[in-house]
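Structure, as structure tokens:
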Amino acid sequence: MSAFHGTKINPDRFHRSQLKFYLFLIPLAVFMAMPIVFVFSHAFKPIDELFAYPPRFFVEKPTFQNFIDLMNNTSASGVPMSRYLFNSIAITLIVVFLTVLISTMAGYALSKKRFKLKKTIFEINTLALMFVSAAVVIPRYLLIEKVGLLDTFVVHIFPLIAMPIGLFLVKQFIDQIPNELIEAAQMDGATDFQIFRKIIIPLVKPAIATIAILSFQVVWNNTETSELFVNNENLKTFAFYMSTLSSATTGNTVAGQGMAAAASLIMFIPNLIIFIILQSQVMNTMAHSGIK
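Everything in the sequence shown is counted per UniProt numbering, starting at 1 for the first residue and increasing by one.
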């Protein structure tokens, strides 16, 4: 049992006592990986395999034709696929950065600063967790129309930078940072910004990683903004474009299925990569924030 250490989750090397876990986890991992394998396999299927009966799980004659058709395809308004993809990438990067920045700064203020209505503001944020996006569509539309953001690039960003779950996670995480550490920095002459940048940010990296993942998934897969708030085709996102590929509006429903399969893989890969890189940080956040 020397491979195990009391303060570590994982042992340094294999031990025979782990066999019982592998016997359960390996089949479970294979089963859970099957949808991922199918997404990759489906994207490279030629048209005849996409519509084969009975359906085939694995591709037999892989082809890049679906991706070529997707790159060459343009929407009914003549906008190329690359424009939609650029919009999605730019919007996602901006929103993720702003969401992380706002959530961490607000979490620091609500956790370590003293001011009136602090508890009330946090309770309002907690209450906001109860509302699904469909419940606030009309108020959101009226607000966006009032401030003049309809049919603009900013409309993709403004409604999504407020993330109640992100603020909740960061605040709960910062609560566990000793107040003495902040007071010591203040006694040394550190400003609030210096404390935030040199103390808070390094200590809440797991929470930041979690917010980044959650924000990325919301923005990258968002079609609501393009459907409700944007009429200019040049401002719409790749997620919206993907939702139109297999419809009759493309002019070829059969060919649209192949392009939709390729687009689904493009949409899926960034989510997979970012989760693989940051998943350990997500688990640390859940352990420290009190969420079971």
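No residue lacks a Cβ here, since even glycine has one placed at the ideal position from N, Cα and C.
Which of the three DSSP states, helix, strand or coil, is assigned to residue i?
i	result
R202	Looking at the sequence itself, residue 202 is Pro, so the reference to Arg does not match. Helix at P202.
P270	helix
P178	coil
G256	helix
D188	coil
How big is the Cα-Cα spacing for residue i and residue j?
i	j	result
Q217	T126	21 Å
I201	S103	11 Å
Y141	I199	39 Å
V30	S111	42 Å
N179	F14	41 Å
P270	V95	15 Å
V243	E145	Reading off the sequence shown, one finds Ser at residue 243, where the question assumed Val. Taking the straight line joining both Cα atoms gives about 25 Å.
M267	W220	8 Å
L17	I36	Reading off the sequence shown, one finds Ser at residue 17, where the question assumed Leu. The alpha-carbon atoms of S17 and I36 are separated by roughly 30 Å.
L245	Q257	7 Å
I274	L143	32 Å
T92	N222	10 Å
T250	Q176	At T250 the pLDDT is 46, less than 50, meaning the model places this residue with poor confidence; the figure from the coordinates comes in the next sentence. T250 and Q176: Cα-Cα distance of roughly 54 Å.
Looking at the secondary structure, which residues open and close the alpha helix (DSSP H) in which residue i lies?
i	result
M163	That residue, M163, is in no alpha helix (DSSP H); it is neither H nor E in DSSP.
P139	137-146
T225	224-228
A93	Per the sequence shown, the amino acid found at residue 93 is Leu instead of Ala. 81-112 is the span of the alpha helix (DSSP H), which, as asked, contains L93.
M242	238-243
Under the rule that 16 or more other beta-carbon atoms within 10 Å means buried, what is residue i, buried or exposed?
i	result
N234	exposed
A52	exposed
P206	buried
E183	exposed
V132	exposed
K116	exposed
K20	exposed
Could you name each continuous beta strand (DSSP E) segment of 3 residues or more that falls completely within the segment 20-77, going from the start of the chain to the end?
Taking only runs of at least 3 residues, no beta strand (DSSP E) segment lies wholly in the segment 20-77.
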